[in-house]
Amino acid sequence: MSTPSFDATAPPLRPLAPPRVAPVALLLAGSGFAALVYEVVWTRQLTYLFGATLYAVVTVLTAFMGGLALGAWWWGRRADRLRRPVMVYGFLELGIAVSALAFPAILRAITPLWSWGYVAFEDQWTLFLALRMALIGALLLVPTFLMGGTLPVLLRACAGGGTAGNRAGWLYAA
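One point on numbering: in numbering that gives the first Met the number 0, the residue at position 161 of the sequence shown is 160, and numbering is uninterrupted.
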């Protein structure tokens with residue numbers, strides 16, 4: 000197992016004072032609430048596309064969990080080198096909002112692809128379903144990847160001192 004590498008050029012951050020962890024936890028709680036709203040809205044939108052709730056839920060949950068895991072892994076490996084983690088968090092949230100708001104327009108734009116697919120895969124319904132799920136999952140990977148980065152980036156903002164684990168626990172609970 001390898002040890003994590005740290006960029007020696009990144010200046011050490013002063014940990015946030017305990018009272019300042021609360022606003023960061025509120026930011027993260029709001030972000031988590033918004034993520035749940037996105038998940039429900041995407042599931043409802045995709046229910047119309049797939050014609051069944053089961054396929055919509057499977058697609059959204061798979062993309063959501065995969066994107067969160069991939070984003071947390073990728074951003075977690077880079078969080079220690081961030082000079083301004085709270086600013087990066089703001090950009091992550093902006094990217095989430097833009098990509099989530101663009102999702103319905105993208106769905107409308109690819110409607111001709113679905114029409115073509117129904118004809119082209121008329122005898123291969125399962126393959127067409129798998130292709131639709133993969134394409135929609137790839138589209139959802141953008142906002143969910145960014146969502147996965149929010150916790151590691153905010154943990155970086157609050158890291159330091161002997162209470163880092165305690166702060167991480169509060170942020171994760173939010």
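All C-beta atoms, glycine included, are put in the ideal place defined by N, C-alpha and C.
Just so it is clear, the structure is predicted and the values come from calculations on it, not from any experiment.
Around the Cβ of residue 37, a 10 Å sphere holds 16 or more other Cβ atoms; the residue is buried. In terms of Cβ geometry, residue 155 and residue 78 form a close pair [threshold 7 angstroms]. The alpha-carbon of residue 118 is positioned some 21 angstroms away from that of residue 105. By the C-beta criterion, the region 92 to 99 is judged to be in contact with the region 124 to 144, since at least 3 inter-stretch pairs fall below 8 angstroms. Per DSSP, residue 83 lies in no alpha helix (DSSP H) segment and is marked neither H nor E.
Within the region 104 to 168, the alpha helix (DSSP H) runs of at least 4 residues that lie entirely inside it are, in chain order, 110 to 119, 124 to 157.
Contact annotation, residue 74 with residue 152: C-beta distance approximately 6 angstroms; criterion of less than 8 angstroms satisfied.
Across the structure, residue 84 and residue 150 are spaced so that their CA atoms are roughly 11 angstroms apart.
Using a Cβ distance threshold of 7 angstroms, residue 66 and residue 147 count as a contacting pair. Residue 55 is positioned such that its CB atom lies closer than 7 angstroms to that of residue 46. Cα atoms of residue 107 and residue 21: separation of roughly 40 angstroms, rounded to the nearest angstrom.
Here residue 50 carries a coil assignment [DSSP, helix/strand/coil].
The criterion of a C-beta distance shorter than 7 angstroms is not satisfied by residue 120 and residue 112.
In this structure, 51 is the residue among 86, 27, 51 with its C-alpha nearest to the C-alpha of residue 131.
Judged by beta-carbon spacing, residue 143 lies within the 7 angstroms limit of residue 63, meaning their Cβ atoms are closer than that value. Leaving aside the five residues that flank residue 42 on each side, the residues in its chain whose CB is nearer than 8 angstroms to its CB run, in chain order, 52, 55, 56, 59.
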